[in-house]
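*Asks:* Mind having a look at this structure? Questions to follow.
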Amino acid sequence: MLTNSQMSDEQLVEAFQAGQVAAYDELVSRWQSKIRGAVWRVLGSTEDAADITQEAFLRAFRGLNAFKREAKFSSWIYQIALNLCRDSLRRKKGKSYVSLDEPEPKIPTLVSKGASPLEFTEGNQVADRVRAAIQKLNEDQREVIILKEYEGLTFAEIAETLGLPTSTVKTRLYRGLVEMKQHLAREGVTSASHIPDSFES
Amino acid sequence: MTSNLTCEALREDIIALLYDDGELAERSRARDHMAQCVPCRLEYAELKGVRKVLGGWDVPVAVVPKVVPISRPRVSWIPAGLAAAAGLVLGIGIAVAGRTTLIPGPAPAQTAAVTSSAPANSTASPTNTRFVSYDVLQDALNAQEAHHQAEIDDLRRSFFQTAAASAPAGSATKMVSNPSPATIEKLLRASEDRQARLFEARLSGLRTESDLQRQYDMAQIAAGLAYIDSRTGADAARTSELMKNLVRVTAKPRDR
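Chain order of the listed sequences is A and B. For the first sequence, the residue numbers in the working numbering are 1 to 201. For the second sequence, the residue numbers in the working numbering are 1 to 256.
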């Protein structure tokens with residue numbers, strides 16, 4: 001017999017639907033960090049990230065009995081969280097807020113990498129600029145870039161999460177990256193990379 | 001070099017190659033195309049560079065705190081099984097230890113094992129737990145069972161005697177030691193009648209209580225409405241007065 005931590009998401013959902021409520025705890029502990037990180041990247045606020053993540057898991061809890069196991073749990077929870085993010089952004093549109101998170105705490109992200117003081121400062125500057133550039137993208141491109149770059153979802157998973165064809169996901173990703181390149185250039189961040197002389201087919 | 005139209009049509013394939021995701025054919029197409037197309041190769045390198053920069057944006061630890069288990073501690077089947085086994089062993093141990101105190105005199109010769117280093121006949125101390133043979137244990141259990149059976153019989157006898165003594169003479173509920181089915185049925189019916197009467201009395205009490213509560217609530221609501229009416233009237237008068245003042249103040253001097 002498998003323990004909850006050994007079960008796949010699908011098995012946990014099945015167990016929950018069979019009345020084993022503790023299976024949901026495992027799903028929460030498995031996904032809450034990822035969801036919170038994604039929400040934070042979309043909204044840029046620690047407080048909102050915490051609230052929306054909590055709300056997303058609450059909604060998932062309420063709806064999990066009716067959840068059809070054709071979709072992945074991860075796609076579904078991302079979908080709920082992103083819908084909540086969109087609602088939040090819509091509510092805030094036109095209102096100006098001063099985020100208490102500005103600037104974000106920076107120490108933990110670089111200390112762990114053993115960066116030198118110079119790298120530390122430069123790294124923080126780059127992070128701030130990336131963050132600013134991503135916030136300038138439109139919502140659709142931002143979501144796709146976050147899900148792909150930071151959450152590591154496949155094109156198919158993103159398509160499932162956002163309810164789009166995979167071709168649209170790739171197009172949005174392409175356009176988002178091109179825009180990011182321009183925003184980063186305006187922010188003074190060079191994104192040059194080694195240009196291959198040739199491609200062997 | 002391929003035309004711009006082809007380059008545009010191959011963007012999705014280039015993205016597939018950039019992320020090493022999607023179908024193999026897409027990536028092969030992108031590679032084939034870029035082998036001949038310098039602008040696409042350049043764009044590919046730039047997008048790769050953008051990806052590299054994006055990688056420099058980590059989520060701070062403050063945003064994603066370490067996950068703490070939110071529910072009750074999990075008990076996996078292995079510890080649960082061990083606990084059950086331990087409980088069983090402990091239970092048997094206690095039973096055996098209990099039984100040994102019932103066995104008079106020194107331990108019998110056929111004792112299978114002695115776990116204590118103390119002498120076999122020192123049964124006074126509770127720490128001197130001994131393992132006894134199956135036959136001895138069986139005898140002790142039989143003796144204990146006979147003892148319990150005798151106790152139960154005594155209790156039953158005393159119960160019927162007490163009940164018979166306390167019941168009024170000729171009562172329908174008179175206790176008999178060996179009641180017939182007809183008597184049992186009669187007793188059951190009497191009990192059901194009693195329950196029904198009790199239920200009816202309780203229901204009636206609840207109805208009265210509920211009526212009283214409703215009357216009280218209605219009175220409260222009426223009082224609340226009267227209060228709101230009076231407040232609204234006062235507010236309306238005050239607003240009207242303020243409006244009059246406002247009109248007077250904002251009017252042109254010749255209109256005053």
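Just so it is clear, CB atoms sit at the ideal spot from N, CA and C, and this is done for glycine as well.
If we count the other Cβ atoms within 10 Å of its Cβ and call it buried at 16 or more, is Ala32(A) buried or exposed?
*Replies:* Note that residue 32(A) is Gln in the sequence shown, not Ala. With 16 or more other Cβ atoms within 10 Å, it is buried.
*Asks:* Within the same chain, show all residues whose beta-carbon is closer than 7 Å to that of Ser230(B), passing over the 5 residues directly before and after it, in chain order.
*Replies:* Nothing meets the Cβ criterion.
*Asks:* Rounded to whole angstroms, what's the CA-CA distance from Glu23(B) to Ala185(A)? Just pull it up for me.
*Replies:* Approximately 32 Å between the Cα atoms of the pair.
*Asks:* Report buried or exposed for Met180(A), applying the criterion of at least 16 other Cβ atoms within 10 angstroms of its Cβ.
*Replies:* The residue is buried, with at least 16 neighbouring Cβ atoms inside 10 Å.
*Asks:* Exposed or buried, what is Ala251(B) when buried is set at 16 or more other beta-carbons lying within 10 Å of its beta-carbon?
*Replies:* When all chains shown are included, Ala251(B) counts as exposed.
*Asks:* Do you know how far the Cα of Phe73(A) is from the Cα of Ala156(A)?
*Replies:* Answer to the nearest angstrom: the Cα atoms are 14 Å apart.
*Asks:* Which term fits Gln141(A), buried or exposed, when burial requires 16 or more other beta carbons within 10 angstroms of its beta carbon?
*Replies:* Counting Cβ neighbours within 10 Å, Gln141(A) comes out buried, since at least 16 surround it.
*Asks:* Taking 7 Å as the CB-CB cut-off, is Tyr78(A) touching chain B?
*Replies:* Not an interface residue.
*Asks:* Count the other C-beta atoms from every protein chain shown that fall within 10 angstroms of the C-beta of Ile221(B), then say buried if there are 16 or more, exposed otherwise.
*Replies:* Answer is exposed; the Cβ neighbour count stays below 16.
*Asks:* What residues from chain B crowd round Leu177(A), counting only those whose CB sits closer than 9 Å?
*Replies:* Within chain B, the residues near Leu177(A) are Ile15, Leu18, Glu46, Leu47, Val50, Arg51 and Leu54.
*Asks:* Taking the alpha carbon of Gln182(A) as the point to measure from, which residue in Val53(B), Thr6(B), Glu8(B) and Cys37(B) has its own alpha carbon closest?
*Replies:* Nearest C-alpha to Gln182(A): Val53(B).
*Asks:* Can you list the residues of chain A that Gly22(B) reaches, using a CB-CB cut of under 9 Å?
*Replies:* Thr154, Phe155, Ala156, Thr166 and Lys170, listed in chain order.
*Asks:* May I have the straight-line CA-CA distance separating Ile228(B) from Arg86(A), to the nearest angstrom?
*Replies:* Each residue's alpha carbon lies about 42 Å from the other.
*Asks:* Determine the chain B residues that contact Arg131(A) at a beta-carbon separation under 7 Å, and present them in chain order.
*Replies:* By Cβ distance, chain B contributes Trp57.
*Asks:* Could one say the Cβ of Glu12(B) lies closer than 7 Å to chain A's Cβ atoms, at least one of them?
*Replies:* Chain A contact via Cβ: present.
*Asks:* Among the residues of its own chain, which have a CB less than 8 Å from the CB of Arg36(A), if the five just before and after it don't count?
*Replies:* Same-chain partners within the cutoff: Ala49, Ala50 and Thr53.
*Asks:* Which same chain residues end up closer than 6 Å to Val28(A) when comparing Cβ atoms and leaving out the 5 residues on each side of it in sequence?
*Replies:* Only Phe57 meet the Cβ criterion.
*Asks:* Would you kindly work out how many angstroms separate the C-alpha atoms of Thr161(A) and Thr154(A), rounded to a whole number?
*Replies:* Rounded to the nearest angstrom, the two C-alpha atoms are 10 Å apart.
*Asks:* Flag Val136(B) as yes if its beta-carbon sits less than 7 Å from any beta-carbon of chain A, otherwise no.
*Replies:* No, because no Cβ of chain A sits closer than 7 Å to the Cβ of Val136(B).
*Asks:* What is the DSSP secondary structure of Ser180(B), counted as helix, strand or coil?
*Replies:* Coil, per DSSP.
*Asks:* Ala81(A) versus chain B: which residues are under 9 Å apart at the beta carbon?
*Replies:* Near Ala81(A) there are no residues of chain B at all, since even the closest Cβ is about 14 Å away, more than 9 Å.
*Asks:* Using only the alpha-carbon positions, how far apart do Ala60(A) and Ala30(B) sit?
*Replies:* Answer to the nearest angstrom: the Cα atoms are 40 Å apart.
*Asks:* Classify Gln11(A) as helix, strand or coil using the three-state DSSP reduction.
*Replies:* Correct three-state label for Gln11(A): helix.
*Asks:* Taking DSSP as the reference, what is the three-state secondary structure of Trp31(A)?
*Replies:* Helix.
*Asks:* Helix, strand or coil for Met218(B), going by three-state DSSP, please let me know.
*Replies:* In this structure, Met218(B) counts as helix in the three-state DSSP scheme.
*Asks:* What is the DSSP secondary structure of Cys40(B), counted as helix, strand or coil?
*Replies:* Looking at Cys40(B) - three-state DSSP - the assignment turns out to be helix.
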